[in-house]
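Residue numbers (the numbering used here): 1 to 327.
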């Protein structure tokens, strides 16, 4: 397998909880060993946004678990997080695999394990984020797995109602087309391409095959119609993917009995601009921050914190109080 490794500049983020002014420089400490946060959710729900929020509030690094974003190329189709959106947070397993190879669940398990050990070794918090639950399941396994015996996990699930999410996904596909998705896929098109391997499995690639094969033989009206049909198929397949992702999360939660914390974000998608940002902070970012603080330091069980307690424990307790005051 051909894999590209990318090095990232290490950052020292602050623990910052807006609004309210709580900002603590905790860059000098080390987090408890063996703690891993996993951000889950269907496509389009805001998993990457939440991971960045958390990584700028706790010294953390992000491990990508999206099976298409692991590949180099097709940034629009795979909706990869941009350098600007990363806000200086180091990302692992993003754009590391050659587009034509198969990066399997076992490949992910092995490389993610190395990334997690590296992140923990630097005294930072690993945050695993992505919609490929098969990757996460391969990594975490069951309660008897090697991973569970070495690490303690906090699972966060960003959930949006299906009707609202499907409407958002449809609009997002239209935006991707405007951004140049068709032209991006055309650069990868080959008449003998195998759509069962590598990045060509990504939704948005096989659906455009007929358009690229016939566009040179059709008039403008017919080309527009074939393209419209392809875009409609991309939207339908993306919605179907979201449904499958939700079904897998429900299975992990209800059948496998994973302790997954659900964060309802539907209201965020019903708002616009500032109201949407405020709803995100209230419904997703702030509760998640508190859950991670409790996970790291069990602050909910230690509300009486003495002045002789370690600084990181006192910081977490102060954060809990500040967050509670803003509700």
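Beta carbons: idealized from backbone N, C-alpha and C, even for Gly.
Quick caveat, the model's predicted, so the values are computed rather than measured.
Problem - With 16 other Cβ atoms within 10 Å as the buried cut-off, status of residue 126 - result: buried
Exercise for the section: Please report the residue range of the beta strand (DSSP E) in which residue 190 lies. Expected result: No beta strand (DSSP E) holds residue 190; DSSP gives it neither H nor E.
Practice task
Verify the CB distance criterion: does residue 227 have a CB-CB separation below 9 angstroms to chain C?
Solution key: Here there is only one protein chain, and chain C is not present.
Handout entry: residue 81 - DSSP class collapsed to helix/strand/coil
Key = coil
Handout entry: Euclidean distance between Cα positions of residue 302 and residue 155
Key = Residue placement at residue 302 is flagged as unreliable, the pLDDT there being 36, under the threshold of 50; a coordinate-derived value is accordingly withheld.
Practice task
Please report how far the alpha carbon of residue 282 lies from the alpha carbon of residue 161, in whole angstroms.
Solution key: 18 angstroms
Exercise for the section: Would you mind stating whether residue 44 and residue 217 have Cβ atoms separated by less than 9 angstroms? Expected result: no
Exercise for the section: Out of 95, 223 and 197, point me to the one whose CA is closest to residue 214's CA. Expected result: 223
Handout entry: residue 183 to residue 195 span [Cα, whole Å]
Key = 18 angstroms
Problem - Between the CA atoms of residue 201 and residue 117 - distance to the nearest angstrom - result: 30 angstroms
Exercise for the section: Please report how far the alpha carbon of residue 172 lies from the alpha carbon of residue 50, in whole angstroms. Expected result: 18 angstroms
Practice task
Using beta-carbon positions only, say whether residue 128 and residue 39 come within less than 9 angstroms of one another.
Solution key: yes
Handout entry: residue 60: first and last residue of the uninterrupted beta strand (DSSP E) it sits in
Key = 60-64
Handout entry: Beta-bridge pairing of residue 126 - partner residues as DSSP gives them
Key = 61
Practice task
Would you mind stating whether residue 241 and residue 42 have Cβ atoms separated by less than 9 angstroms?
Solution key: yes
Practice task
Could you say which of 142, 100, 35 and 54 lies nearest to residue 285 if we only look at CA atoms?
Solution key: 54
Problem - Coarse secondary structure for residue 332, derived from DSSP in three states - result: Examination of residue 332 is not possible in this model, given that the chain is present from 1 through 327 alone.
Exercise for the section: Please confirm if the stretch 137-153 is in contact with the stretch 264-275, defined as three or more CB-CB distances below 8 angstroms between the two stretches. Expected result: no
Handout entry: Three-state class that DSSP yields for residue 222 in the structure shown
Key = helix
Problem - Close-in-space but distant-in-sequence residues of the same chain around residue 158 (CB under 8 angstroms, 5 per side omitted) - result: 39, 40, 41, 45, 46, 47, 50, 263, 265 and 284
Exercise for the section: On a CA-only basis, which of 239, 124 and 71 is nearest residue 101? Give me that one, please. Expected result: 71
Handout entry: Simplified DSSP state of residue 41, which is helix, strand or coil
Key = strand
Exercise for the section: Could you check what DSSP says for residue 304 in three-state terms: helix, strand or coil? Expected result: The predicted position of residue 304 is uncertain, since its pLDDT is 35 and thus under 50; no value can be drawn from it.
Exercise for the section: Could you check which residue in 163, 293 and 78 has the C-alpha nearest to that of residue 243? Expected result: 163
Handout entry: Reduced DSSP category for residue 155 - H, G, I as helix; E, B as strand; rest coil
Key = strand
Handout entry: Bridge partners - residue 135, DSSP secondary structure assignment
Key = Partner(s): none; residue 135 has no beta bridge.
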